[in-house]
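Shown next, in structure tokens, is the structure this report addresses.
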Amino acid sequence: MISTQSKRLPVSRALLSTAAVLVSVSLASAQTRPSLPPNSPFAGGVPDGLLSKDALQLTVLEVIERALGHNLGVLLSEQGTERASGARTVALAQLLPNVRASASVARQKINLEAFGFPLDASPLISTFPRVVGPFTVYDARVYLTQSVFDLGAYNEAKAEAHNLSAARHSYRSARDLVVLVAANAYLQVIATGARAASARAQFETADTLHRQAQSLQKSGIVAGVDVIRAEVRLTTERQRTTASENEFQKAKLQLARIIGLPVGQEFTLNEIVPNVPRTDLTLEQALERAYGQRPDYLAAQERVRAAEASRRAVVGDGLPSFKVRADYGTIGLTLSTSLPTFNVTGAVDVPIFEGGRLQGRLAVADAALRERKAEAEDMKTEVYYDVRSAFLDLQSTEEELKAATRARELAALQLTQSRDRFAAGVVSNIEVVQAQEAVALASEQFINAEYGFNLAKAMLARSLGSAEDLVRAVLGGGSIR
118 MISTQSKRLP VSRALLSTAA VLVSVSLASA QTRPSLPPNS PFAGGVPDGL LSKDALQLTV
178 LEVIERALGH NLGVLLSEQG TERASGARTV ALAQLLPNVR ASASVARQKI NLEAFGFPLD
238 ASPLISTFPR VVGPFTVYDA RVYLTQSVFD LGAYNEAKAE AHNLSAARHS YRSARDLVVL
298 VAANAYLQVI ATGARAASAR AQFETADTLH RQAQSLQKSG IVAGVDVIRA EVRLTTERQR
358 TTASENEFQK AKLQLARIIG LPVGQEFTLN EIVPNVPRTD LTLEQALERA YGQRPDYLAA
418 QERVRAAEAS RRAVVGDGLP SFKVRADYGT IGLTLSTSLP TFNVTGAVDV PIFEGGRLQG
478 RLAVADAALR ERKAEAEDMK TEVYYDVRSA FLDLQSTEEE LKAATRAREL AALQLTQSRD
538 RFAAGVVSNI EVVQAQEAVA LASEQFINAE YGFNLAKAML ARSLGSAEDL VRAVLGGGSI
598 R
């Protein structure tokens, strides 16, 4: 028996060493995972729909659809676009004709001397009454104001147009981010569910081995310390099962909040993750595409243009402007005797001295322009690092998944052989406990690697600014609004 153990032990150690090396390789991978700042609106959602007693069955496409429709970050960004549209309309109104109408009825009594008629100065009109009235005046009139030349108003309208474009790009960026957040939450639920299932399977294995150790002890094949080791392992696996189940339920709660499910709604996920094809772009091609279509970078560029236009608007406010004002209507003492009248006025407004207000506004505009340019340059750098990091993560997680898959296979083989030798009384259950731990570690790393590889592909799509387009192409998300 000792001879048999000495022959088999090197094989066991070789397998265990190989599994440990492969697992350590997967542990060495450091992937950038998406994270939201505290109290981020993208971590919340607006609950919608009626609470159902039956658990909902959700696919990844349905999860993303609900997130795009009910995530708080998307809704707030959409309202930001509406505000920008309203601000542009207000600015544009300064260049368009302003037409209004009024109708009035006035009962008057007038002191003629107060209006420049010195009746006492001439004896010929000394008998003319100083006060006229009372009488009634009916006046109905349409007023028109039109800006003909106003560089300040023109550039202010251009600035608001660029702000609106920036808001629309930001809204697209928010939708891309929500696609990533929802997909990540979905993958986290799948991963934590896999961990919980793996922990339950390992707990069942530990329970079986514990009963087997008790049976072998009664038969006198193994010592009592083997039963203690098996019981310790069983307790460890029970704790791991409880913790993993707790993490699984918390991940589901987070996903439910992100996609705006009714409070308390139970749901299950379709665990089949669609195979997202790897991109065939080179790094240079990916960077060129990102700079051309990534919405947050395009929004930063639009904000620079808006700041430049705002500065030109301040300069324009210091130049002469020309407006035309006109009115047309009827006026008379009675409605039947009212006569048509009109007035057309052209006015040139020339700023001369405003106490330094223009210089102060210009200093503020210059500072805002420098800020927007700095933000755009920083965003350009961020795009570069995001794309580079996404390429590195995609390559490393693919290799990690291969290593983790092989490590799980070897760990399972190691556990099978260790259980057989322990059942035959060849070895103590120290080797079995070690093999169990290797299986647990290999399973955890496989789950992490699979999650990381899928997430890396989503992160690359996000870094290119095409996450929602990828959903439409891969998942058939034509109904995503």
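Take this note's numbering: the last position of the sequence shown gets the number 598, and nothing is skipped along the way.
Where is the CB? At the ideal position from N, CA and C, for every residue including glycine.
Item: Distance, Leu404 Cα to Arg505 Cα; Value: 9 Å
Item: Close-in-space but distant-in-sequence residues of the same chain around Ala584 (CB under 6 Å, 5 per side omitted); Value: Asp293, Val296, Leu297 and Ala578
Item: Classification of Pro412 by the beta-carbon crowding that lies within 10 angstroms, buried from 16 upward; Value: buried
Item: The segment 536-552 in contact with the segment 262-269 per 3-pair CB rule at 8 Å; Value: no
Item: Contacting residues, own chain, Cβ-Cβ under 6 Å from Leu193 (five flanking each side not counted); Value: Pro158
Item: Reference Glu277; option with closest CA among Pro154, Gln534, Asn188 and Arg420; Value: Arg420
Item: Rounded distance between the beta-carbons of Leu185 and Gly161, thought under 8 Å; Value: Rounded, the Cβ-Cβ distance is 14 Å, inconsistent with contact.
Item: Backbone CA spacing between Ser513 and Asp165 [nearest angstrom]; Value: 39 Å
Item: Cβ-Cβ distance between Val306 and Leu372 below 8 Å; Value: yes
Item: CA nearest to the CA of Glu488, picked from Ser453, Arg428, Glu517 and Gly435; Value: Arg428
Item: For Leu167, the three-state DSSP class (helix, strand or coil); Value: coil
Item: For Val180, the first and last residue of its enclosing beta strand (DSSP E); Value: Note, Val180: premise wrong, no beta strand (DSSP E); alpha helix (DSSP H) at Val177 to His187.
Item: Boundaries of the alpha helix (DSSP H) in which Asn387 is found, first to last residue; Value: First-last for Asn387: undefined, no H or E at that position.
Item: With 16 other Cβ atoms within 10 Å as the buried cut-off, status of Gly569; Value: buried
Item: Reduced DSSP category for Ser453 - H, G, I as helix; E, B as strand; rest coil; Value: coil
Item: Run of the beta strand (DSSP E) containing Ser157, from where it starts to where it stops; Value: Ser157 -> no beta strand (DSSP E), and no H or E assigned at all.
Item: Residue from Gly250, Gly269, Val180 and Leu167 with nearest C-alpha to Leu479; Value: Gly269
Item: The segment 378-395 in contact with the segment 337-354 per 3-pair CB rule at 8 Å; Value: no
Item: With 16 other Cβ atoms within 10 Å as the buried cut-off, status of Ala482; Value: buried
Item: Stretch-stretch touch, CB-based, cutoff 8 Å, three pairs: the segment 432-448 with the segment 280-290; Value: no
Item: Close beta carbons around Ala618, own chain, < 6 Å, minus the five adjacent residues each side; Value: Here the chain comprises residues numbered 118 to 598, so residue 618 is not present and cannot be evaluated.
Item: Residue from Ala313, Gln319, Ala590 and Ala274 with nearest C-alpha to Asn392; Value: Ala590
Item: Three-state class that DSSP yields for Pro251 in the structure shown; Value: strand
Item: Contact check, Ala450 vs Phe234, beta carbons under 8 Å; Value: Before going on, a small fix: residue 450 reads as Leu here, not Ala. Contact flag unset, no.
Item: Rounded separation between Thr352 and Ala540 - CA only; Value: 21 Å
Item: Classification of Ala484 by the beta-carbon crowding that lies within 10 angstroms, buried from 16 upward; Value: exposed
Item: Residue nearest to Ile389 in terms of C-alpha spacing, selected from Leu511, Val163 and Gly310; Value: Gly310
Item: Of the residues Leu509, Ala557 and Arg312, the one placed nearest Arg525, counting alpha carbons only; Value: Ala557
Item: Between the CA atoms of Gln174 and Leu168 - distance to the nearest angstrom; Value: 14 Å
Item: Distance between beta carbons of Ala426 and Lys275, contact taken as under 8 Å; Value: 4 Å
Item: Top-ranked residue by Cα proximity to Phe384, from Glu516, Phe459 and Val177; Value: Val177
Item: Extent of the continuous alpha helix (DSSP H) to which Ala231 belongs; Value: Run containing Ala231: none; DSSP gives neither H nor E here.
Item: Proximity winner among Asp510, Gln319 and Ala302, relative to Leu153 (alpha-carbon distances); Value: Ala302
Item: Those residues which DSSP pairs with Ser194 across a bridge; Value: Answer is none; Ser194 lacks a bridge partner.
Item: Span of the alpha helix (DSSP H), counted from its first residue to its last, around Thr533; Value: Arg474 to Ala540
Item: Rounded C-alpha distance that separates Ser361 from Asp324; Value: 18 Å
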